[in-house]
Amino acid sequence: MKKTVCAIIIAAFSVCVWLQNAGAEDIKIGSILRLSQGASDGLPARRGVEIAVKEINAKGGIGGRKVEVIFEDSKDTDQAAVAAFQKLVSMDGVKVVIGPMKSSEVLAVAPIAMREKIVVITPNGTSPKISEAGEYVYRGCSRIDKQAEALTQFAKDPMKATGVAILYSNEPYGKGCNDLFTKQFTALGIPVVAVESFMVGDRDFSAQITKLKQSTFDLLFIPGYLQETAPAIAQARKMGIVAESMGVYGDMAPKYIELAGKAAEGHINASEYDEDYATGKNKKFKDAYYSIVKADANEPNNIMFAALTYDAMGLVAEAIAAKGNSPDGIRSYLDSVKDFDGVTGKLSFDANGDVVKQGVYIFKVQDGKYVKVK
Amino acid sequence: MFFQQLVNGLVSGCVYALIALGYTMIFGILGIVNFAQGEIYMFGAFGAVTVYAATGSLALAILAGLGAACLVGVLLERFAFRPLRGTHPLVPLISAIGASILLSSLARFFFGPEDRPFPHEFSAATYTVFSAHITGMQLTIMGISAALMTALWLFLTMSRHGKAIQAVAMDSDAARLSGINVNRAYVATFLSGSALSGVAGMLMAVYYNATSPTMGLLPGLKAFSAAILGGVGSIPGAIIGGLVLGVAENLGAAYLSSNFKDAFAFIALVLVLIIRPRGIMGQRK
Numbered sequence: 000m001k002k003t004v005c006a007i008i009i010a011a012f013s014v015c016v017w018l019q020n021a022g023a024e025d026i027k028i029g030s031i032l033r034l035s036q037g038a039s040d041g042l043p044a045r046r047g048v049e050i051a052v053k054e055i056n057a058k059g060g061i062g063g064r065k066v067e068v069i070f071e072d073s074k075d076t077d078q079a080a081v082a083a084f085q086k087l088v089s090m091d092g093v094k095v096v097i098g099p100m101k102s103s104e105v106l107a108v109a110p111i112a113m114r115e116k117i118v119v120i121t122p123n124g125t126s127p128k129i130s131e132a133g134e135y136v137y138r139g140c141s142r143i144d145k146q147a148e149a150l151t152q153f154a155k156d157p158m159k160a161t162g163v164a165i166l167y168s169n170e171p172y173g174k175g176c177n178d179l180f181t182k183q184f185t186a187l188g189i190p191v192v193a194v195e196s197f198m199v200g201d202r203d204f205s206a207q208i209t210k211l212k213q214s215t216f217d218l219l220f221i222p223g224y225l226q227e228t229a230p231a232i233a234q235a236r237k238m239g240i241v242a243e244s245m246g247v248y249g250d251m252a253p254k255y256i257e258l259a260g261k262a263a264e265g266h267i268n269a270s271e272y273d274e275d276y277a278t279g280k281n282k283k284f285k286d287a288y289y290s291i292v293k294a295d296a297n298e299p300n301n302i303m304f305a306a307l308t309y310d311a312m313g314l315v316a317e318a319i320a321a322k323g324n325s326p327d328g329i330r331s332y333l334d335s336v337k338d339f340d341g342v343t344g345k346l347s348f349d350a351n352g353d354v355v356k357q358g359v360y361i362f363k364v365q366d367g368k369y370v371k372v373k
Numbered sequence: 000m001f002f003q004q005l006v007n008g009l010v011s012g013c014v015y016a017l018i019a020l021g022y023t024m025i026f027g028i029l030g031i032v033n034f035a036q037g038e039i040y041m042f043g044a045f046g047a048v049t050v051y052a053a054t055g056s057l058a059l060a061i062l063a064g065l066g067a068a069c070l071v072g073v074l075l076e077r078f079a080f081r082p083l084r085g086t087h088p089l090v091p092l093i094s095a096i097g098a099s100i101l102l103s104s105l106a107r108f109f110f111g112p113e114d115r116p117f118p119h120e121f122s123a124a125t126y127t128v129f130s131a132h133i134t135g136m137q138l139t140i141m142g143i144s145a146a147l148m149t150a151l152w153l154f155l156t157m158s159r160h161g162k163a164i165q166a167v168a169m170d171s172d173a174a175r176l177s178g179i180n181v182n183r184a185y186v187a188t189f190l191s192g193s194a195l196s197g198v199a200g201m202l203m204a205v206y207y208n209a210t211s212p213t214m215g216l217l218p219g220l221k222a223f224s225a226a227i228l229g230g231v232g233s234i235p236g237a238i239i240g241g242l243v244l245g246v247a248e249n250l251g252a253a254y255l256s257s258n259f260k261d262a263f264a265f266i267a268l269v270l271v272l273i274i275r276p277r278g279i280m281g282q283r284k
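These protein sequences, in sequence, are chains G and H.
Residue 180 in numbering that gives the first Met the number 0 sits at position 181 of the first sequence, with consecutive numbering throughout.
Residue 184 in numbering that gives the first Met the number 0 sits at position 185 of the second sequence, with consecutive numbering throughout.
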């Protein structure tokens, strides 16, 4: 008797499992984002993926199968990003991963992605090295040198800068920007007259600014993350520096203006995303994102990071719909896609897996708001 | 530029000194290092920022900041240190590190991961002294720090509670035998130490215009070094240590390289300890 009951239960269970496998199993997609350290950038990125997934599933998923995204935390270390990647590939069996967000993490993950033949799309790793990381590695934002070109050109014309002082964040990102921008400023005939640096976590920049004040310059360039760059410009203004200010992607957030206050006025920086990009898709995305931000006072607000992952997720969904959920299918779609209708522009990929689109936007802070100037 | 850098150094030194006083008082009386001192500083800042944002009243904000810092300090004493009294000194040290992680995680949970600006911008009046520009805010920081240090000295030497603290610091058993409530002295120590750190946190919330769950980490570490530099357990030592550290890192950044600004603080620490292992004002035991 007992044996029969057991047999029936086991049989029923097997049928369930079989049915589940045969039926509409969810399509699993991995995502490695900055969910604890750097969560002010990582949470918006997560929302971008979630908004895209919600839209896809509301339309019935991909080929009748729902999409499920498994999020992992990169904890801002390469080791954690690699561990997360291995877990996603071996435990969850994902074929494509959106993330990681930092260049060093992307470069750490890339060799494993190549070995396992898993597609990686980084939404905002800007290092030029990612171009050579392998044919399974794609990126959805412009390389840092494109950004540098756009900003330094803008400094020459229309800003007509004659001397620049650099105050950089002393970690790979800020230091890389310092080296690259110094080269480009010099190439354009704008001399770099003074260079100082600060550490991540610093809130007192008075020593560096006092030193900068010994030189004459009409442009102050502060590459780094807004947690430092916003108080830095605020202190520079308080200490009487009147030069124009310029920053990199990290400053492109309402938080920057909130933290820097009046000192943010006139700040120039570059962005991958234009909120006023006039497509129906962008309007829907914006509404969805801001309704999430408004619902929770502690929700960090940075629509650029959400837009980048939203497009990455949209591309992945299209790729799977067109070529099936296999790494090589996704690759062949990404390699051949032309003018994908994304919220960050019309997207295609070049032979290195870098996104091709209309270019980098330049924004300026006017009356407490970022206004597109180019 | 020298005077300007000196002023910059004195301002950050005042903040290190205020936090270092908390370290040194707690070490003096309990013989333990309270590594959660930086988190008390952080809670002081958050108390003031959230209440100011809600009510717009500076008086209420200051009260809230003080209250939050003191509450955290007293809770630490009651739950992280008192149950471990009499154990090996490493045990409360670990407990303090754990409390520090817990407190910054709690802050991230309640206040979110992002930096918060202070909801009000204070006037940016500047005064020129010896070719150095000093802002009203910098003067306020130095003034309040000096006033608090004087108040602390008066409290410790003039009041009954202060004398009790000193007695317990010298010999807790003898103090107990002569009728001093030792537990009350411990609580008074944590209260005054936390209040000083809380004030430092509030001043910095306004000065740097950025309050975040991790803001206490680096100032906490530097203040700890300041306390050691000045001679741990010595009140004037903590003040001198804080100022020396602040000035050393600013002058180092100014005349050597700002790449190593934090390193100069610790180089100063190592140099002093090599020449004078007990710290500038430390007592020979």
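Backbone N, C-alpha and C define an ideal beta-carbon position, used for all residues, glycine too.
Since this is a predicted model, take the numbers as computed values, not measurements.
For this session: Show which residues of chain G have a CB atom less than 8 Å away from the CB atom of Gln282/H.
Result: In chain G, no part has a C-beta under 8 Å from the C-beta of Gln282/H; the shortest such distance is about 32 Å.
Exercise. For Asn268/G, which beta-bridge partners are listed by DSSP?
Worked result: Phe362/G
For this session: Answer yes or no: does any C-beta atom of chain C fall closer than 7 Å to that of Pro230/G?
Result: Although the question refers to chain C, the structure presented lacks it and instead comprises the protein chains G and H.
For this session: Alpha carbon to alpha carbon, how far is Asp40/G from Gly200/G? Give it in angstroms, no decimals.
Result: 16 Å
Exercise. When burial is assigned at 16 or more other CB atoms within 10 Å of the CB, is Glu24/G buried or exposed?
Worked result: exposed
Exercise. Within 7 Å (strictly less), CB to CB, does Lys254/G reach chain H?
Worked result: By this cut-off, Lys254/G is an interface position.
For this session: Let me know if Ala21/G comes out buried or exposed under the rule of 16 or more other beta-carbons within 10 Å of its beta-carbon.
Result: At Ala21/G the pLDDT is 46, less than 50, meaning the model places this residue with poor confidence and gives no usable figure here.
For this session: Check the Cβ of Lys221/H against every Cβ in chain G and list those closer than 9 Å, keeping chain order.
Result: Chain G residues near Lys221/H: none, gap ~11 Å exceeds 9 Å.
For this session: Excluding the 5 residues preceding and the 5 following Val52/G in the sequence, name in chain order all residues of the same chain whose CB lies nearer than 7 Å to its CB.
Result: Hits under 7 Å: Val66, Val68, Met312.
For this session: Flag Arg45/G as yes if its beta-carbon sits less than 7 Å from any beta-carbon of chain H, otherwise no.
Result: Taking CB atoms only, Arg45/G has no neighbour in chain H less than 7 Å away.
For this session: Flag Met0/H as yes if its beta-carbon sits less than 7 Å from any beta-carbon of chain G, otherwise no.
Result: yes
Exercise. Should Leu32/G and Met100/G be called a contact, given that it needs their Cβ atoms to be closer than 7 Å?
Worked result: yes
Problem set entry | Where the beta strand (DSSP E) containing His132/H begins and where it ends | 131-134
Exercise. For the region 217-248 of chain G, which segments carrying the alpha helix (DSSP H) assignment without a break, of at least 4 residues, lie completely within its bounds, in sequence order?
Worked result: 225-237
Exercise. Rounded to whole angstroms, how far is the Cβ of Asp310/G from the Cβ of Gly92/G, which I believe are closer than 8 Å?
Worked result: About 24 Å; that fails the 8 Å criterion.
Exercise. Which residues in the same chain as Phe362/G place their Cβ atom closer than 8 Å to its Cβ, once the five residues preceding and following it in sequence are excluded?
Worked result: Met251, Ile267, Asn268, Ala269, Ser270, Tyr369, Val370, Lys371, Val372
Exercise. Smallest Cα separation from Glu248/H: which of Ala264/H, Gly27/H, Ile100/H?
Worked result: Ala264/H
Exercise. Going along the region 27-44 of chain G in order, which residues come within less than 7 Å of chain H, judged by CB to CB distance?
Worked result: Ala38, Ser39
Problem set entry | For Val50/H and Ala63/H, believed in contact at Cβ under 8 Å, the rounded distance | 4 Å
Exercise. Name the chain G residues whose beta carbon is nearer than 7 Å to that of Pro116/H?
Worked result: Glu257, Leu258, Gly260
Problem set entry | Between the CA atoms of Cys13/H and Lys221/H - distance to the nearest angstrom | As the crow flies, the alpha-carbon of Lys221/H is around 12 Å from that of Cys13/H.
Problem set entry | Asp334/G (DSSP reduced to helix, strand or coil) | helix
For this session: Closer than 7 Å, Cβ to Cβ, to anything on chain G: give me those residues from the region 129-141 of chain H, in chain order.
Result: His132, Thr134
Exercise. When Cβ atoms are compared, which residues of the region 201-227 of chain G fall closer than 7 Å to chain H?
Worked result: Arg202, Asp203, Ser205, Ala206, Gln207, Thr209, Lys210, Gln213, Gln226
For this session: Identify every run of the alpha helix (DSSP H) within the region 97-143 of chain G, keeping only runs that are complete inside it and at least 4 residues long; order them along the chain.
Result: 102-115, all fully within the region 97-143 of chain G.
Exercise. Is any beta-carbon of chain H found at less than 7 Å from that of Ser168/G?
Worked result: no
Exercise. Would you call Gly98/G buried or exposed, if buried means 16 or more other Cβ atoms sit within 10 Å of its Cβ?
Worked result: It counts as buried.
Exercise. Enumerated in chain order, which unbroken segments of the alpha helix (DSSP H) with a length of 4 residues or greater are wholly contained in the region 89-125 of chain H?
Worked result: For the region 89-125 of chain H, whole alpha helix (DSSP H) runs of length 4 or above, ordered along the chain, are 89-110.
Exercise. Could you give the residue range of the beta strand (DSSP E) that holds Glu71/G?
Worked result: 66-72
For this session: Check whether the Cβ of Pro112/H lies closer than 7 Å to any Cβ atom in chain G.
Result: Yes, Pro112/H counts as interfacial toward chain G.
Exercise. When you check each C-beta in the region 91-122 of chain G against every C-beta of chain H, which residues fall closer than 7 Å?
Worked result: none
Problem set entry | Rounded C-alpha distance that separates Leu258/G from Ala253/H | 26 Å
Exercise. List, in order along the chain, the chain G residues whose C-beta lies closer than 7 Å to that of Ser11/H?
Worked result: Asp203
Problem set entry | Straight-line Cα distance separating Thr210/H from Gly393/G | Any answer about residue 393/G is impossible in this case: the structure gives chain G only from 0 up to 373.
Exercise. What does Ala79/H reach in chain G if we use C-beta pairs closer than 8 Å?
Worked result: In chain order: nothing, as chain G lies at least about 24 Å away.
For this session: Throw me the rounded Cβ distance for the Leu218/G and Ala242/G pair, which I believe falls under 8 Å.
Result: Here Leu218/G really is in contact with Ala242/G; their C-beta atoms are around 6 Å apart, less than 8 Å.
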